[in-house]
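To start, the structure itself, in structure tokens.
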Amino acid sequence: MSLPLLTGRYEQIAVEVFADRIALGNSAGAAAADALRQCLARQENVRIIFAAAPSQNEFLAALGTAEGIDWSRVTAFHMDEYIGLPPDSEQRFSHYLNSHLFEVVHPGTVHLIPAWEDADRICRHYADLIRQAPIDMVCLGIGENGHLAFNDPPVADFRDPAVMKTVELDPVCRQQQVNDGCFATLDAVPTHAVTLTVPTLMAAGRLFCMVPGAQKRAAITAMLREPVSTGCPATILRTHAHCRLFTDRDAFGENPHG
1432 MSLPLLTGRY EQIAVEVFAD RIALGNSAGA AAADALRQCL ARQENVRIIF AAAPSQNEFL
1492 AALGTAEGID WSRVTAFHMD EYIGLPPDSE QRFSHYLNSH LFEVVHPGTV HLIPAWEDAD
1552 RICRHYADLI RQAPIDMVCL GIGENGHLAF NDPPVADFRD PAVMKTVELD PVCRQQQVND
1612 GCFATLDAVP THAVTLTVPT LMAAGRLFCM VPGAQKRAAI TAMLREPVST GCPATILRTH
1672 AHCRLFTDRD AFGENPHG
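So the sequence shown is numbered by my numbering: it starts at 1432 and just counts up by one.
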């Protein structure tokens, strides 16, 4: 296991900087697996929300091969989904998580978001599922614009009363999907999505945040150094009592040795 080049704390958030995204993913996967084993040792079932994005590839690969986890006692959710894509679209986040994790580890229960159905009904139904019991863990990233899930700046609401809602995606968020290679053109990216809200994510017991790559450097800088505000929704993570940020030298953007 690679050691971090730098560790630190920014208010509440613990930060670990690695040489590259492979070391980042392996270490984050090991840390999340350890937390999951601890949860399973003290309770019958564990409820986890996962992000779906290329930034999570190495992390999910490591988590999927971790030993000693009874995935049959895990209930899995994902945090957002495009509206309007057909059920068989490879760009759907449910497709990503199925192929990168769920079909590998086979959680006991998986709640996928059927976002080709009526959006309001989806939000009500998924909110009911989330409310059934506390969320133990969230495994997430942040956007190039600092978004959490699809809560884009500056309209993200840190006191949002909703559990899940419909949102219009801002241009930076949609362009990121092209930059990530998920869509060929901006016009192909859906304009709307359903997303869990910021308070829903922040209510989880533990947060594991994986953010590799130079494209995220401005977002990481803002997340750690700007005042907590919806101008960069990821800044709110600094207020969570149990949040760990795993990033790499490219994203951190400072000399990790000095």
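Ideal Cβ placement from N, Cα and C applies to all residues, glycine included.
Predicted model only: the values in this text are computed from it and were never measured.
Around the Cβ of V1586, a 10 Å sphere holds fewer than 16 other Cβ atoms; the residue is exposed. Within the same chain, and ignoring the five residues on either side of K1596 in sequence, the residues whose Cβ sits closer than 8 Å to its Cβ are C1554, V1625, T1626, T1628.
When the alpha-carbon of W1502 is set against those of I1479, D1511, N1457, the nearest one is in I1479. Ranked by Cα distance from L1516, the first of F1449, A1493, A1619, H1509 is A1619. Taking a cut-off of 8 Å for Cβ pairs, the region 1628-1647 and the region 1537-1557 do not touch, as fewer than three such pairs fall below it. If you compare the alpha carbons of A1497, P1565, G1662, P1630 with that of A1464, the shortest gap goes to A1497.
From the listed residues A1653, F1508, L1571, the smallest Cα separation to I1561 is found for F1508. Setting aside the 5 residues that flank it on each side, V1569 is surrounded in the same chain by I1480, L1632, A1635, L1638, each with a C-beta closer than 6 Å to its C-beta; the list follows chain order.
When M1432, P1538, V1535, A1546 are compared, the shortest CA-CA separation from S1525 is found for A1546. Between C1604 and D1583 the beta-carbon gap is near 5 Å, inside 8 Å, which marks them as a contact. In this structure, the beta-carbon distance from N1476 to R1452 does not fall below 8 Å. Shown here for L1528: same chain residues with a beta carbon closer than 7 Å to its own, the five before and five after excluded, namely F1481, A1483, H1509 in chain order.
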